[in-house]
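J.:
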Amino acid sequence: MTGQNARKVTVVPNGPVLVEGPVTLTTDDGVTHTSDRFVVAVCACRRSKRFPFCDTSHRKRVRDDKN
1 MTGQNARKVT VVPNGPVLVE GPVTLTTDDG VTHTSDRFVV AVCACRRSKR
51 FPFCDTSHRK RVRDDKN
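With full-length UniProt numbering applied, the sequence shown corresponds to residues 1 to 67, in that order.
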């Protein structure tokens, strides 16, 4: 596939799937989501409160107990 319809997709280990935008996503329940951003982070872990878009919920929070 070449030309305007080609999209670059990057799978980030332990993170989201990065898709060159704009994109239209259809989730398993049939709902369509669109984004016109240059790069779209698609949630791969389903922890996102903005699913299907990533909100970095996959990151582990580390507490600093030194304070």
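The beta-carbon is built from N, C-alpha and C at its ideal position, and this holds for glycine as well.
1) If I'm right that T34 touches T24 with Cβ under 8 Å, what's the distance once you round it to whole angstroms?
2) Pick from D28, V12, R59: whose alpha carbon is nearest that of P52?
3) Can you list, in chain order, the residues of its chain with a C-beta nearer than 8 Å to that of V39? Leave out the 5 residues immediately preceding and following it.
4) Checking the sheet assignment: what are the DSSP bridge partners for A41?
5) Exposed or buried, what is C54 when buried is set at 16 or more other beta-carbons lying within 10 Å of its beta-carbon?
T.: Per the coordinate set shown:
1) Taking the Cβ atoms as the reference, T34 lies roughly 5 Å from T24, within the contact range of under 8 Å.
2) D28
3) L18, V19, E20, G21
4) L18
5) buried
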